[in-house]
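Engineer: Quick one: the structure is below, and I'll ask about it shortly.
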Amino acid sequence: MIKYADFQTMRIPLKNGTGQIPAVGFGTLIADLALTISATRDAVDVGYRHFDCAERYQNEREVGEALKSAFDAGVIKRQDLFMTTKLWNTNHRPERVKPAFEASLKRLGLDDLDLYLAHTPFAFQPGEEFDPRDAAGNIIYDKGVTLLDTWQAMERLVTEGKSRAIGLSDIKLEQLAPLYEAATIKPAVVQVESHIYLPETELLDFCREKGMVLLAFAPLGHGMRPGPIEDPVVLSIAARIGKTPAQVLLAWAVQRGTAMLTTPKTTARALENFDISPLPEDAFAEINAIKTRQRLNQVVESGSPGFIRLK
Ligand SMILES: NC(=O)c1ccc[n+]([C@@H]2O[C@H](COP(=O)([O-])OP(=O)(O)OC[C@H]3O[C@@H](n4cnc5c(N)ncnc54)[C@H](OP(=O)(O)O)[C@@H]3O)[C@@H](O)[C@H]2O)c1
Numbered sequence: 004m005i006k007y008a009d010f011q012t013m014r015i016p017l018k019n020g021t022g023q024i025p026a027v028g029f030g031t032l033i034a035d036l037a038l039t040i041s042a043t044r045d046a047v048d049v050g051y052r053h054f055d056c057a058e059r060y061q062n063e064r065e066v067g068e069a070l071k072s073a074f075d076a077g078v079i080k081r082q083d084l085f086m087t088t089k090l091w092n093t094n095h096r097p098e099r100v101k102p103a104f105e106a107s108l109k110r111l112g113l114d115d116l117d118l119y120l121a122h123t124p125f126a127f128q129p130g131e132e133f134d135p136r137d138a139a140g141n142i143i144y145d146k147g148v149t150l151l152d153t154w155q156a157m158e159r160l161v162t163e164g165k166s167r168a169i170g171l172s173d174i175k176l177e178q179l180a181p182l183y184e185a186a187t188i189k190p191a192v193v194q195v196e197s198h199i200y201l202p203e204t205e206l207l208d209f210c211r212e213k214g215m216v217l218l219a220f221a222p223l224g225h226g227m228r229p230g231p232i233e234d235p236v237v238l239s240i241a242a243r244i245g246k247t248p249a250q251v252l253l254a255w256a257v258q259r260g261t262a263m264l265t266t267p268k269t270t271a272r273a274l275e276n277f278d279i280s281p282l283p284e285d286a287f288a289e290i291n292a293i294k295t296r297q298r299l300n301q302v303v304e305s306g307s308p309g310f311i312r313l314k
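Written as structure tokens, this is what we have:
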């Protein structure tokens, strides 16, 4: 457990890569493009320095636009930011990895990345269709490429100095462990759904042992109600310590040693979700004792996105 740190500025050194990942990250999974721009710019102004993007979110251009406005206004410099994006499932063939990476960079308006993630371990049929399906509606997988093939193409982005670190997302321990063993450049970060109802303790322990950072998505349970944000233990701690339920959940994620992603869409929410600080020991222990278990996003089972509702 991390103690007495300033959660807002805390950075976790990447043992299997170069750099330090800010524990608090802003997630850009926002369907509306105008909202992507305003929420991203708000996040910069509030103080978020870690931005999680993906080609699959179809809004890298708008994230880039918001960042450019902040660069041009002199609010931040590129080197102040920790920038991540993700390779989509249709680009797992090794020859498609670098072009997909370069296309993301171009849309984001960046020259390099801090972290490039394989969005899921599942390879889909290559092509322009994000979710290729057969006549029966089943996803068409690509049997001609392994996760290790894709990983080795991602490793080359590190050796070429294009990305300072690489990692995986939406992966289970039984898939991560063999990839970790086979990799020349080890994953620096593993991004998975994680919240008080899905603490992923075994995966977190493995990541710690191997020097990987677990990056939690949906730390508020994706805002689902009922869900973590309405858990009675969380509500009672929030009232007791004068914080909001969201602040309690986000602080818990950082306090247990993970980095986390949150997606505030208004200035007020951006301020609220950034204003987190360590929980008292008893509150932290009470949350750890919650027994409810619930996975909200089934993307780990098939590679098919659970939360993405884009145009
Ligand atoms: N690797 C993957 O497959 C994957 C999957 C999902 C997400 N992600 C990443 O993780 C990021 C975060 O995921 P997420 O958006 O599911 O996380 P989340 O923060 O758990 O959930 C966001 C939801 O919480 C609500 N919310 C935000 N702040 C709140 C507050 N202070 N009080 C009450 N409700 C609040 C939002 O409501 P409103 O809609 O009203 O704003 C939204 O519905 C994404 O943007 C993306 O970058 C990755």
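Throughout the sequence shown, residue numbering follows the working numbering, covering 4 to 314 in sequence. For glycine and all other residues, C-beta sits at the position ideal for the given N, C-alpha and C.
1. Between the Cα of F289 and the Cα atoms of S280, Q258, V236, which residue gives the shortest distance?
2. Please report how far the alpha carbon of P124 lies from the alpha carbon of L217, in whole angstroms.
3. Consult DSSP for A186 and reduce its assignment to one of helix, strand or coil.
4. Which one of V303, F277, A254 has the shortest CA to CA distance from N291?
5. Given this structure, state the Cα-to-Cα distance separating P190 from A168, to the nearest angstrom.
6. Hey, quick one: how far does the beta strand (DSSP E) through R96 stretch, first residue to last?
7. Which class does S41 belong to by DSSP, given the choice of helix, strand or coil?
8. For the beta strand (DSSP E) that contains F170, what are its first and last residues?
9. With the cut-off set at 8 Å, would you say V100 and N94 are in Cβ contact?
10. Quick check: the segment 33-40 against the segment 10-18, are there 3 or more CB pairs under 8 Å?
11. Can you give the beta carbon distance from A219 to H198, rounded, assuming they're within the 8 Å contact cut?
12. Nearest by alpha-carbon distance to Q194: which of D278, L171, D285 is it?
13. Does DSSP classify V49 as helix, strand or coil?
14. At which residues does the alpha helix (DSSP H) containing V303 begin and terminate?
Structural biologist: In short:
1. The sequence given here has Glu at residue 289, not Phe. Of the candidates S280, Q258, V236, the one whose C-alpha sits nearest the C-alpha of E289 is V236.
2. 16 Å
3. coil
4. A254
5. 8 Å
6. Careful: R96 lies outside any beta strand (DSSP E) and carries neither H nor E.
7. helix
8. For the record, residue 170 in the displayed sequence is Gly; it is not Phe. That run of the beta strand (DSSP E) goes 169-172.
9. yes
10. no
11. 7 Å
12. L171
13. helix
14. 302-305
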